[in-house]
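Working notes for the structure below.
Numbering (the numbering used here), first residue to last: 815 to 975.
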């Protein structure tokens with residue numbers, strides 16, 4: 815009886831390992847590229863805070879390439895389009911960044927991140943009325959994105975991105 819139990823435990827353990835090994839390296843859906851890009855963006859933001867702009871720009875460039883790859887493999891993901899808009903804007907292409915944000919809003923009109931970042935883009939490009947429209951979308955969310963965009967529009971805070 816003990817041999818049977820041990821044998822079953824070993825089989826279960828080996829089966830679980832084989833499943834986890836297959837999923838850990840499987841990035842065919844683009845999610846691995848997205849995760850890597852997200853981590854690069856976090857690192858880039860930290861470099862910006864420290865005033866290391868050149869290093870931040872390199873991270874944003876790498877992140878953007880990974881996001882484009884992720885978007886190609888798994889298109890029409892609002893989060894991916896949000897970060898594509900963000901990295902593109904951070905690299906100075908406001909027009910293309912806006913396009914990515916607007917694509918994301920077509921998929922998920924109430925996406926908090928897209929609405930906040932697009933509002934910030936509108937403020938930077940002196941389109942205050944459009945920024946206020948994004949703020950209005952966020953009004954009922956009770957979220958941090960609303961507070962941050964409101965402070966930027968009110969002039970009590972400068973966008974950190």
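Cβ coordinates follow ideal geometry from the N, Cα and C atoms, glycine included.
{"Item": "Find out if the Cβ-Cβ distance for the pair residue 901, residue 855 is shorter than 8 Å.", "Value": "yes"}
{"Item": "Would you please state the rounded distance, in angstroms, between the beta carbons of residue 963 and residue 952? I believe it to be under 8 Å.", "Value": "6 Å"}
{"Item": "Quick test of your reading: residue 904 and residue 874, contact by CB under 8 Å. State the CB separation rounded to the nearest angstrom.", "Value": "5 Å"}
{"Item": "Since residue 918 and residue 899 should fall inside the 8 Å C-beta cutoff, what is the C-beta to C-beta distance between them, to a whole number of angstroms?", "Value": "7 Å"}
{"Item": "For residue 899, which of helix, strand or coil comes out of DSSP?", "Value": "helix"}
{"Item": "Measure the alpha-carbon distance for residue 846 versus residue 889 and round it to whole angstroms.", "Value": "14 Å"}
{"Item": "Looking at residue 959: is its Cβ nearer than 8 Å to the Cβ of residue 911?", "Value": "no"}
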